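Written below as structure tokens is the structure these notes are about.
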Amino acid sequence: MANSLKIKSVAKSFGALNVLQDVTFDVEQGEIVGLLGPNGSGKSTLLSVISGFLPEDSGSVSFAGREMLGVPAHKVAQQGLIRTFQLPSMPHRMTPRELIAAGARSGRGLRNLLGRAALHGPEVDAVIARFALEPVADIPASSLSGGQKKLLSIAVALQGNPRLLCLDEPTAGVHPNLRARMVQILQEVASSGVTILIVEHDMHFVRGICDRCVVLDGGHIIADCAPDQLTENERVVEAYLGKAKVGIAA
Ligand code: ADP
Ligand code: MG
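Residues in the sequence shown are numbered from 54 upward in steps of one, following this note's numbering.
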């Protein structure tokens with residue numbers, strides 16, 4: 054029950070477009086589950102529903118035994134359900150060092166709240182080093198590259214003491230060496246009891262990290278299986294090779 058996510062019969066439409074239909078699956082505490090599917094299959098929408106950024110039309114999402122229906126995003130985050138965005142937007146007026154030091158707290162008036170010691174303490178330096186952000190630690194966060202923004206958003210999410218981490222395409226634009234490091238970091242996080250749901254297209258990454266994969270297509274779940282079984286699933290192969298032409302067998 055603790056840190057487990059239960060998604061039951063979730064539906065979400067934008068006008069006439071039924072993006073999610075009868076989506077049901079659970080993620081157990083400490084499990085790393087990949088959320089896969091072609092572009093436009095509703096993955097980011099589902100993360101937004103789970104994290105309170107979008108209301109579902111029907112169905113329910115419960116986390117650690119609590120119903121999240123109607124709970125606003127900031128309250129969902131306070132429960133430890135923390136998400137990152139596919140295209141992270143970073144503030145102009147804050148540096149990666151300040152964002153990491155602030156963790157999940159509001160950045161407003163932060164420089165006044167955080168003393169020099171907190172900003173330059175060994176813990177913050179260690180996080181910066183772990184995510185290879187040393188060269189950009191003290192420049193405006195908005196000027197980082199796409200991959201660096203991804204790394205920074207994960208570093209900041211982890212500072213917020215997540216119990217459930219929802220990551221939207223965390224490796225996009227990230228150098229392969231750092232992807233390997235990300236696998237290691239996320240495995241450590243999961244083994245400490247944090248539940249992780251990852252939207253990801255990189256199948257090498259998925260095979261290396263996910264215990265299970267849930268595949269969405271046309272708003273429906275078409276597979277819920279171990280990563281190794283994906284290529285044996287005709288609906289999954291059709292969804293990727295038949296329509297989106299994204300190689301899943303590679
Ligand atoms: P994925 O992350 O799987 O690529 P998304 O969840 O971002 O897909 O989008 C699923 C579908 O919903 C797409 O067709 C997208 O254009 C549409 N969509 C997403 N957000 C909105 C929105 N706020 N308003 C209208 N349509 C949206
Ligand atoms: Mg998306």
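Idealized CB from N, CA, C, for every residue including glycine. None of these values were measured; they are calculated from a predicted model.
Residues that residue i bridges to, as DSSP identifies them
i	result
cysteine 219	Arg136 and Leu250
valine 268	Leu89 and Ala276
alanine 64	Ser111
Simplified DSSP assignment, three categories, for residue i
i	result
aspartate 75	strand
glutamate 81	coil
leucine 70	strand
arginine 119	strand
leucine 58	strand
proline 188	helix
alanine 225	coil
arginine 288	helix
arginine 146	coil
serine 244	helix
Limits of the unbroken alpha helix (DSSP H) element including residue i
i	result
serine 101	96-103
methionine 256	256-262
leucine 204	199-212
leucine 152	149-155
arginine 183	175-183
alanine 126	126-131
Cβ-Cβ separation, residue j to residue i (assumed contact under 8 Å), whole Å
i	j	result
serine 104	cysteine 219	6 Å
proline 223	lysine 202	Actually they do not touch by this definition, with Cβ atoms about 11 Å apart.
alanine 64	glycine 112	6 Å
*At least three beta-carbon pairs within less than 8 Å, the stretch 70-84 to the stretch 127-140*: Touching, no, given that fewer than three Cβ pairs across the two stretches are closer than 8 Å.
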